[in-house]
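From first to last, the protein sequence lines stand for chains E and F.
Residue numbering for the first sequence follows this note's numbering, starting at 803 and increasing by one per position.
Residue numbering for the second sequence follows this note's numbering, starting at 68 and increasing by one per position.
Where a beta carbon is used, it is the ideal one built from N, C-alpha and C, also for glycine.
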Amino acid sequence: MSTIKMRSKESNGVVTVKALIKHPMETGQRKDKKTGDLIPAHYIQEVHSKANGKDVITIYWGPAVSKNPYLTFKYKGNKGDNLEISWVDNQGNRDSKTSAVK
Amino acid sequence: MNRRNFIKNSMLFAGSLVAIPSLIVSKKAYAAWPKKSFDIKDLTESVSSVYGHSNLEESSKVKLKAPEIAENGAIVPINVSTTLDNVESIMIFVENNPQPLSSGYQLTSLSEPSIGTRLKMGKTSNVMAAVKSGDKVYTSTQEVKVTIGGCGG
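Okay, here's the thing in structure tokens:
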């Protein structure tokens, strides 16, 4: 199962993209309630989006972005564009998803 | 190893990467992540580390949409858009968070200057949206009151 849920819609030449990514977004400042140990930081650092292979937006996130982050952006595009969203976190995990613009 | 040492060491490591750029494969996605800017704990320093200066100009053309009161500091919806032309990037700073720089959005010629996300806020703070257009940085600031913090356990 992909960690990325995305929806994109074109209107008057502008595509609005909405995405939800499943990720804990741990800041590294929280303590485990039982053991008192710090929970290691684990958060998405970079999100990248491409439409038909062309760069649309590069996003840098810090630990202050909420758990299971939500993201929306707009770009000049068309129906049927091949839209790719990918992310990489501070532990080197990554995921990506491609879908067609409606 | 304690946290302070860890940060120090990892910054040293980041520094050595900068010193020998030929070793970095530019395709590596996380190589570009501005670690230094995300680590800074002071708003003014954070701003100058992102832009190389701290000459900000308040502008009504930068539209920041944020709640006046956030009941849950763990999820504060923030939207930023602008009518400015040639926007290179949008940054969101939360003054009273442990690290003010929360997120940055690098735009291209394809993208429209309009983004939205959800942030964690530890306590009541000014939220500043900064839009880089040409050589100038335009901002819009709003206070968000937080009743329950989003950084505790």
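- For GLY855/E, the closest Cβ of chain F is not nearer than 8 Å.
- With 16 or more other Cβ atoms inside 10 Å of its own Cβ, ASP883/E counts as buried.
- Linking THR175/F to VAL858/E through their CA atoms gives a straight-line distance of about 6 Å.
- Under DSSP, LYS852/E takes part in a beta bridge, and its partners are ASP857/E, GLU886/E.
- In this structure GLY879/E is buried. Its beta-carbon is surrounded by 16 or more other beta-carbon atoms within 10 angstroms.
- DSSP lists no beta-bridge partner residue for ASP152/F.
- Under the 8 Å Cβ criterion, the region 134-143 of chain F does not count as touching the region 112-125 of chain F, having fewer than three qualifying pairs.
- In this structure the region 182-193 of chain F does not lie against the region 883-892 of chain E, because fewer than three pairs of beta carbons, one per stretch, are closer than 8 Å.
- THR818/E is bridged by DSSP to LYS811/E, LYS876/E.
- When Cβ-Cβ separations below 8 Å define contact, GLU848/E makes contact with chain F.
- Taking a beta-carbon distance threshold of 8 Å, VAL161/F counts as an interface residue toward chain E.
- For TYR205/F, the enclosing beta strand (DSSP E) stretches over residues 203-213.
- The Cβ atoms of MET808/E and LYS820/E sit closer than 8 Å to each other.
- Annotated three-state conformation of LYS881/E is coil, per DSSP.
- For LYS835/E, no beta strand (DSSP E) segment is defined, and its DSSP state is neither H nor E.
- Of VAL129/F, GLY189/F, VAL154/F, the smallest CA-CA separation from ASN146/F is found for VAL129/F.
- At the C-beta level, TYR845/E and PRO101/F stay beyond 8 Å of one another.
- The region 182-201 of chain F makes no contact with the region 892-900 of chain E; the number of CB pairs closer than 8 Å stays below 3.
- The DSSP-derived three-state label of ASP106/F is helix.
- In terms of Cβ geometry, THR206/F and LEU151/F do not form a close pair [threshold 8 Å].
- Listed as beta-bridge partners of PRO144/F by DSSP are ARG185/F.
- A straight line joining the alpha-carbon of ASN139/F with that of LYS836/E spans about 24 Å.
- Cβ contact annotation for LEU186/F (same chain, cutoff 6 Å, sequence separation greater than five): VAL143, ILE145, SER169, in chain order.
- In this chain, the beta strand (DSSP E) harbouring LYS199/F covers 192-200.
- In the structure shown, VAL129/F falls within a strand segment according to DSSP collapsed to helix, strand and coil.
- Proximity to LYS190/F across VAL204/F, ASN164/F, SER178/F peaks at ASN164/F, based on C-alpha coordinates.
- Looking at the backbone, the Cα of SER813/E and that of LEU177/F are separated by about 15 Å.
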